Amino acid sequence: MSVSSEVQENITLTVSIFENSGRGWILNPIQLSCPEGSGLTELIETLERYAYLEDAVISDGQLLSLTDDAGTLYDGGPDQEDEWLMILNGIEQDNLKYMTDENGDLVDFAFQDGDTLQLVFSSTDTSNMEMQSVSTPSHSLSTADDVLPWDTEYDNALRAGCGWLKTNSDSALALTTFGAIGYTVDYKYLTRILRNIYQQQTPTGIELALNILCVSFCGISAENFSQNLLDKLISFPDLDRTATVYGLLAYDCNSYDVPADALNSRDAMLNVIMAGQNPDGGITNIQGEESDVFLTALSLVALAPYRDDQTVGPCIDRALEWLATQQDSNGFYHSDTYESCQATSAVILALSSLSISLTDERFCANGHNLMEALMQFNVENSGFSEQLDDSPSVTATELALLAICSQKTGRNPLILRSPVTGSGSIDFSASSEISEEESSVPSTVDDGTRSRIHTGLIGGISGVSVGIVIMLGVLLHLKNKYKSD
316 MSVSSEVQEN ITLTVSIFEN SGRGWILNPI QLSCPEGSGL TELIETLERY AYLEDAVISD
376 GQLLSLTDDA GTLYDGGPDQ EDEWLMILNG IEQDNLKYMT DENGDLVDFA FQDGDTLQLV
436 FSSTDTSNME MQSVSTPSHS LSTADDVLPW DTEYDNALRA GCGWLKTNSD SALALTTFGA
496 IGYTVDYKYL TRILRNIYQQ QTPTGIELAL NILCVSFCGI SAENFSQNLL DKLISFPDLD
556 RTATVYGLLA YDCNSYDVPA DALNSRDAML NVIMAGQNPD GGITNIQGEE SDVFLTALSL
616 VALAPYRDDQ TVGPCIDRAL EWLATQQDSN GFYHSDTYES CQATSAVILA LSSLSISLTD
676 ERFCANGHNL MEALMQFNVE NSGFSEQLDD SPSVTATELA LLAICSQKTG RNPLILRSPV
736 TGSGSIDFSA SSEISEEESS VPSTVDDGTR SRIHTGLIGG ISGVSVGIVI MLGVLLHLKN
796 KYKSD
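Take 316 as the starting number for the sequence shown in our numbering and just add one per residue.
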């Protein structure tokens, strides 16, 4: 099948859909490529084509109802008390039917390159709530009953931290962090990291687990990347306890199927983690060593989905009891002899994953909560330092951003909201250069993915390279439940 030589001019939009009654995303912020001249109808059609929506009703430039990819109807029609709000570049619009051109004439509405559109389903019981910006999915800091108030300082730290991290790190965890937060990166940055992952010859167990997290948050199944990253982890020999924790996080980020009789099955990993629990309740990497705050907290993040298990539950309780004794009088957690950003961040992640509020008295010291402590490591207009009054650190910034994200959403940010499925695969072996001018279908994309590109399911993405061809920015989690024409 040949590819047409005619070039379609495209624009890039940032699009999100938020539902105010449940305080959650219907569609996380994504960057979407649409034909130039697209209006609201064309945008909705594009979202339907990518299987993000089942259906929508538009009348006179207004969105009346929408059915998401799970079949849930959000009806804001004229006979309903609920309504759809349309916010374009931060300004609420009555409709998106007409606009005034540069000559002052009234013309059909069309999005401009770089526009940001947020569609908000507003229920009557939430109509007085403050509107959310695209970068603010929720003001709630936890799913626990007693939540900590959100501060705009945290949003500022997220924005500045992401900018600093992108400039200073090409790590797999950095890209995972951006995906979890909703920070969009350019295709060159993304493909550079994915290529680095592909070219790794002998990754360690931790590196392999982080690579799985990374490609999953890029919308690619780990089973279809670099000769199946998942299989490599399932059979990886002699994982230590820390690598096992990261490995379990990698399995659960996308609910990957793992054989029960595998070398590194879920049960085997759970047993390895729990075997590292000392009598004091903390967890250590090597039996006999002192309990470690960071590893204990990260283990709780990995164990959280299994808290109802009769063996795992008591292990979690003992670990929490030990962590509660390790906080200093100023609210910090330590690594060795110093106040540690990573240790403090890991505890926040653990509590968020277990739906424990940071107002819980077990984790407050002299009126200081963990978010207050964490922000002491924030370097203004930059990242986070590992130690107080120090320069920013990549690893500290990655963990701090994930911790803030976990409190913003009230959940473990390392679990995808929409699982990545499908049979598409990518091969980086045929090319070492990334060209901005590449707009044809790469020869290294498999036949199934190539077919979807040709039929327009992944079409309209111009100027892309091998890695980005199956995604629309970090948060476009490509699904294989496409509609048939």
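Glycine included, C-beta positions come from ideal geometry on N, C-alpha and C. Because the structure is a prediction, the values reported are computed rather than measured.
Checklist entry - Got a sec? Which residues, its chain only, sit under 7 Å from S747 by beta carbon, not counting five neighbours each side? => result Here residue 747 corresponds to residue number 432 of the sequence shown, with the count starting at 1. Low per-residue confidence applies at S747: pLDDT is 38, beneath 50, and the placement is therefore not dependable, though the value from the model is reported in the following sentence. Correct list: empty, nothing qualifies.
Item to check | Opening and closing residue of the beta strand (DSSP E) in which T611 lies | outcome: Along the sequence shown, one-based indexing puts residue 611 at 296. From DSSP, T611 is part of no beta strand (DSSP E) but of the alpha helix (DSSP H) over 608–618.
Item to check | Buried versus exposed call for E636 [16 or more other C-beta atoms within 10 Å across all chains shown] | outcome: Taking the sequence shown and counting its residues from 1, the one referred to as residue 636 is at position 321. With fewer than 16 other Cβ atoms within 10 Å, it is exposed.
Checklist entry - According to DSSP, is P728 helix, strand or coil? => result Counting from 1 along the sequence shown, the entry for residue 728 is found at position 413. P728 falls in the coil class under three-state DSSP.
Next on the checklist: Using only CA atoms, which one of Q427, I496, M401 lies nearest to A718?
Outcome noted: By 1-based counting over the sequence shown, the position of residue 718 is 403. For the residues Q427, I496, M401, the minimum Cα distance to A718 belongs to I496.
Next on the checklist: Run through the DSSP bridge pairs and tell me what P350 is partnered with.
Outcome noted: The count along the sequence shown starts at 1 and reaches residue 350 at position 35. N325.
Next on the checklist: Tell me the rounded alpha-carbon separation between L528 and T415.
Outcome noted: For the purposes of this step, residue 528 is taken as residue 213 along the sequence shown, with counting starting at 1. For the purposes of this step, residue 415 is taken as residue 100 along the sequence shown, with counting starting at 1. Straight-line Cα distance between these residues: approximately 46 Å.
Next on the checklist: Below 8 Å, how does it come out for the region 614–633 and the region 676–696: are there three or more Cβ pairs, yes or no?
Outcome noted: no
Next on the checklist: Which residue wins for smallest C-alpha separation from F426, given the options N410, I549, N593?
Outcome noted: The sequence position of residue 426 within the sequence shown is 111, counting from 1. Per the Cα distances, N410.
Checklist entry - My guess is that L716 and C477 are in contact by the Cβ rule of under 8 Å, so how many angstroms apart are they, rounded? => result As a working mapping, residue 716 is identified with position 401 in the sequence shown. As a working mapping, residue 477 is identified with position 162 in the sequence shown. With a Cβ gap of about 7 Å, L716 and C477 count as contacting.
Next on the checklist: Can you tell me which residues form a DSSP beta bridge with N693?
Outcome noted: Position 378 of the sequence shown holds residue 693. The partner list for N693 (beta bridge, DSSP) reads F699.
Next on the checklist: Once DSSP output is grouped into helix, strand and coil, what is the label at V500?
Outcome noted: Residue numbering aside, residue 500 sits at position 185 when the sequence shown is read from its first letter. It is coil, neither helix nor strand.
Checklist entry - With distances taken between CB atoms, is the gap from N579 to G591 smaller than 9 Å? => result Taking the sequence shown and counting its residues from 1, the one referred to as residue 579 is at position 264. Taking the sequence shown and counting its residues from 1, the one referred to as residue 591 is at position 276. No.
Checklist entry - Count the other CB atoms within 10 Å of the CB of L421; is the residue buried (16 or more) or exposed (fewer)? => result Taking the first residue of the sequence shown as position 1, residue 421 is located at position 106. By the 10 Å Cβ count, L421 comes out exposed.
Checklist entry - In three-state terms, what does DSSP make of D632? => result What you label residue 632 is simply residue 317 of the sequence shown in a count that begins at 1. Residue state, collapsed to three classes: helix.
Checklist entry - Alpha carbon to alpha carbon, what distance is there between L548 and G534? => result As a position in the sequence shown, residue 534 is number 219, starting the count at 1. As a position in the sequence shown, residue 548 is number 233, starting the count at 1. So the two alpha carbons sit approximately 19 Å from each other.
Item to check | Residues that Q515 bridges to, as DSSP identifies them | outcome: Locating residue 515 in the sequence shown gives position 200, where the first residue counts as 1. DSSP, once it has assigned bridges, lists no residue as partnering Q515.
Checklist entry - Near E324, which residues of its chain fall below 6 Å by C-beta distance, leaving aside the five closest residues on each side in sequence? => result Reading the sequence shown from its first residue, position 9 is the one you call residue 324. So the qualifying residues of the chain are E351.
Checklist entry - Thinking just about the alpha-carbon of each residue, which of S353, S672, A617 is nearest to the one in K412? => result Counting from one through the sequence shown, the residue named residue 412 turns up at place 97. It is S353.
Checklist entry - By the 10 Å Cβ neighbour count, where 16 or more other Cβ atoms means buried, how is N645 classified, buried or exposed? => result Sequence index remark: in the sequence shown, residue 645 carries index 330 (1-based). With fewer than 16 other Cβ atoms within 10 Å, it is exposed.
Item to check | Integer-rounded CB distance, given that Y561 should sit under 8 Å from A612 | outcome: Stepping through the sequence shown from its first residue, residue 612 is reached at position 297. Stepping through the sequence shown from its first residue, residue 561 is reached at position 246. Wrong, their Cβ atoms sit about 13 Å apart, outside the cutoff.
Item to check | Whole-Å CB distance - Q657 paired with S667, under 8 Å assumed | outcome: Along the sequence shown, read from residue 1 onward, the residue named residue 657 stands at position 342. Along the sequence shown, read from residue 1 onward, the residue named residue 667 stands at position 352. Not really, about 16 Å apart at Cβ, beyond 8 Å.
Item to check | CA nearest to the CA of D567, picked from L480, L585, A639, D485 | outcome: Indexing the sequence shown from 1 puts residue 567 at position 252. Here the closest residue by C-alpha is L585.
Next on the checklist: Judging by CA-CA distance, which residue of E360, A711, Q722, N471 is the nearest neighbour of L669?
Outcome noted: Indexing the sequence shown from 1 puts residue 669 at position 354. Cα-wise, what sits closest to L669 is Q722.
Next on the checklist: Rounding to the nearest angstrom, what Cα-Cα distance links T712 and R474 in this structure?
Outcome noted: The residue given as residue 712 occupies position 397 in the sequence shown. The residue given as residue 474 occupies position 159 in the sequence shown. Approximately 12 Å between the Cα atoms of the pair.
Checklist entry - Mind checking whether the beta-carbon of I631 lies closer than 8 Å to any heavy atom of the ligand NAD? => result The ligand content of the structure shown is nil, which means the ligand NAD is not present either.
Item to check | CA nearest to the CA of R732, picked from F551, A487, Y367 | outcome: One-based indexing of the sequence shown puts residue 732 at position 417. The residue with the shortest Cα to Cα distance from R732 is Y367.
Item to check | Residue burial classification, E407 (beta-carbon count within 10 angstroms, cutoff 16) | outcome: On the sequence shown, residue 407 is found 92 positions in, with the first residue counted as 1. Answer is exposed; the Cβ neighbour count stays below 16.
Checklist entry - Cα separation between E396 and A665? => result In the sequence shown, residue 396 corresponds to position 81, counting from 1. In the sequence shown, residue 665 corresponds to position 350, counting from 1. Using only the alpha carbons, I get a separation of about 39 Å.
Checklist entry - Looking only at DSSP bridge pairs, what is Y413 linked to? => result Here residue 413 refers to the residue found at position 98 of the sequence shown. DSSP lists D423 as partners of Y413.
Item to check | Span separating the alpha-carbon of G628 from that of D582 | outcome: As a working note, residue 628 is residue 313 in the sequence shown. As a working note, residue 582 is residue 267 in the sequence shown. In a straight line, the C-alpha of G628 is about 14 Å away from that of D582.
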